[in-house]
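Have a look at the structure below before the remarks.
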Amino acid sequence: MRRDRPSRHGGIVGALAVLLLAGACAGRGSAGSDRRELVVLAAASLTEAFEEIGANFEQEHPRVTVTFSFGPSDGLAAQIREGAPADVFASASPSWMDDVEENGPGILHRADFARNLLVVITPPDDPGHVSTLKDLARPGLRLVLAAPGVPAGDYARQILERAGIADRALANLVSNEEDVKAVVQKVLLGEADAGIVYRTDVTPAVEDTLRTVEIPAEANVIAVYPIGVVASSEHPTLARAFVEEVLGPGQEILRRYGFLPPP
């Protein structure tokens, strides 16, 4: 199993070149090769769960290598539209799956496979004294969010709007990050007093070095995650098998990582 995590903007062109070159060199299952490469583009928040699902899939398909590219859903959708090799797309937002479906190359066998909630995170010593969502509007607090267009960033802004604190909280914004994992890193490094991330991003690897504040249900957003086979896939049957893995045995793995079942 291979993993690639390009940046949102400049990395897209580089990632395209790397993936295209890798595809040309490895043949992605062409004549003369007894292995096949399945390229899965997935939202950054799925990293840990999908890596485990991918490892299981490789065990079940010994001649298959699953190559992951994790990143912001908007950036991944752009890569697919621009022709990057992709067999499966898993998005943190239906809107970016719609984008690939409507603007090319298209999506087959689409299904919702998980849901997620968001939480506020702070460093363990809580320098911003954040005990409720509304504390994000306190003047002088350093807030970090995923950038607009990134599902986690859009959801965070919806939450602030619902809570009636958007203008004041966004005045505290010190950084727009390329994806939700980068938000976690900013808070871990002490470069922000608070951030809004998916509940599942508070993984066992970081939970002892982060503090979480729950977002009230009336303000929170339930993120729905769709998955599908990219219509231009070189391995559509294998890609559909991976989708079925996520919808079947993968559900228990997703649950262990904190994801909610699909609607």
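Here my numbering runs 163 ahead of the position in the sequence shown, where the first position is 1. Yeah, the Cβ is synthetic: ideal placement off N, Cα and C, and Gly gets one too.
Check	Outcome
Distance check for threonine 285 and leucine 304, CA to CA, integer angstroms please.	11 Å
On the premise that proline 248 lies in contact with valine 282, defined as a C-beta separation below 8 Å, what is that separation, rounded to the nearest angstrom?	Incorrect: roughly 35 Å between the Cβ atoms, too far for contact.
Mind checking which residues open and close the beta strand (DSSP E) that includes tyrosine 431?	This structure cannot speak to residue 431, because the chain is shown only from 164 to 426.
I need the straight-line Cα distance from glycine 186 to aspartate 250, nearest angstrom please.	Any reading at glycine 186 must be qualified, since the residue scores a pLDDT of 47, below 50, and its modelled position is unreliable; no value is offered.
Distance, Cα to Cα, glycine 358 vs arginine 198?	42 Å
Give me the Cβ distance between alanine 346 and valine 337, rounded to the nearest whole Å; I'm assuming they're in contact under 8 Å.	The sequence given here has valine at residue 346, not alanine. Going by Cβ atoms, the distance from valine 346 to valine 337 rounds to 11 Å, so no, they are not a contact pair.
Could you check whether the stretch 386–401 touches the stretch 266–275, counting it as contact only if at least three pairs of C-beta atoms, one from each stretch, sit closer than 8 Å?	yes
In the structure shown, what three-state DSSP assignment does asparagine 383 receive?	coil
Taking 7 Å as the limit between beta carbons, can you name the residues of its chain near isoleucine 216, skipping five residues before and five after?	Glu408, Val409, Gly413, Ile416
Assuming valine 229 contacts isoleucine 243 under a Cβ cut-off of 8 Å, what Cβ separation, rounded to an integer in Å, is found between them?	In fact, because the Cβ distance is near 17 Å, the residues do not count as touching under 8 Å.
Would you tell me roughly how many angstroms separate the C-alpha atoms of alanine 189 and glutamate 200, rounded to the nearest one?	Confidence in alanine 189 is poor, its pLDDT being 46 and thus under 50, which makes the residue's placement too unreliable to answer from.
Could you give the C-beta distance for alanine 326 and lysine 297, rounded to a whole number, given that I count them as a contact under 8 Å?	6 Å
Have a look at serine 396 and leucine 333 and give me their C-alpha separation to the nearest angstrom.	40 Å
Note down the Cα distance separating glutamate 214 from alanine 206, rounded to an integer number of angstroms.	12 Å
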